[in-house]
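No gaps in the numbering here: position 58 of the sequence shown is 136 in the working numbering, and each next residue is one more. All C-beta atoms in this analysis are idealised placements derived from N, C-alpha and C, irrespective of residue type, glycine included. To start, the structure under review is shown below, and the notes come after it.
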Amino acid sequence: MTARRLRAIARLTFRNPASLVYLGLVAATAVFVTADTLFVTHEDASFAGVWLFLLSAPTIFAFFIGGDLFGVAMAESAWFLYVALPLSVLIQSFALGWFVRLLRDASPRHAHPQGA
79 MTARRLRAIA
89 RLTFRNPASL
99 VYLGLVAATA
109 VFVTADTLFV
119 THEDASFAGV
129 WLFLLSAPTI
139 FAFFIGGDLF
149 GVAMAESAWF
159 LYVALPLSVL
169 IQSFALGWFV
179 RLLRDASPRH
189 AHPQGA
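Structure below.
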């Protein structure tokens, strides 16, 4: 990959307003889940982590299906989750940026006469 292509991918993933809102929502949720896990005592298990999975769906489920193809032990390991979750969030952030660019480029352009 060339440096130009990498910059374009980074721009679509991190410098797009829709992608930034999505990444901010994921970061805020991750802070909430971390605070809930570390500082709040529960009688039962907390379902706060489910929000991260909902925000990273559907790509996280594709990672889990792919992990099951390599073996259940790998898909159920903690390191697999810690790799699959950020990757799925980044893939979705890139997809949001690409979709916004696609919509912006497909919008109708109004012709302006040169002498007017």
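Are the Cβ atoms of residue i and residue j separated by less than 8 Å?
| i | j | result |
| --- | --- | --- |
| Thr137 | Ser155 | no |
| Ala108 | Phe141 | no |
| Tyr100 | Gln192 | no |
| Asn94 | Leu168 | no |
Relative to the C-alpha of residue i, which candidate in the options has its C-alpha closest?
| i | options | result |
| --- | --- | --- |
| Ala86 | Ala113, Arg182, Phe172, Val118 | Phe172 |
Alpha carbon to alpha carbon, what distance is there between residue j and residue i?
| i | j | result |
| --- | --- | --- |
| Leu133 | Phe139 | 11 Å |
| Phe148 | Pro164 | 20 Å |
DSSP three-state label for residue i, please.
| i | result |
| --- | --- |
| Asp122 | coil |
| Ser134 | helix |
| Gln170 | helix |
Can you find the residues in the same chain that come closer than 8 Å, C-beta to C-beta, to residue i, ignoring five residues on each side of it along the sequence?
| i | result |
| --- | --- |
| Ser97 | Leu90, Thr91, Ser171, Phe172, Leu174, Gly175, Val178 |
CB-CB under 7 Å to residue i, same chain, minus the five flanking residues each way: which ones, in chain order?
| i | result |
| --- | --- |
| Phe158 | Gly145, Met152 |
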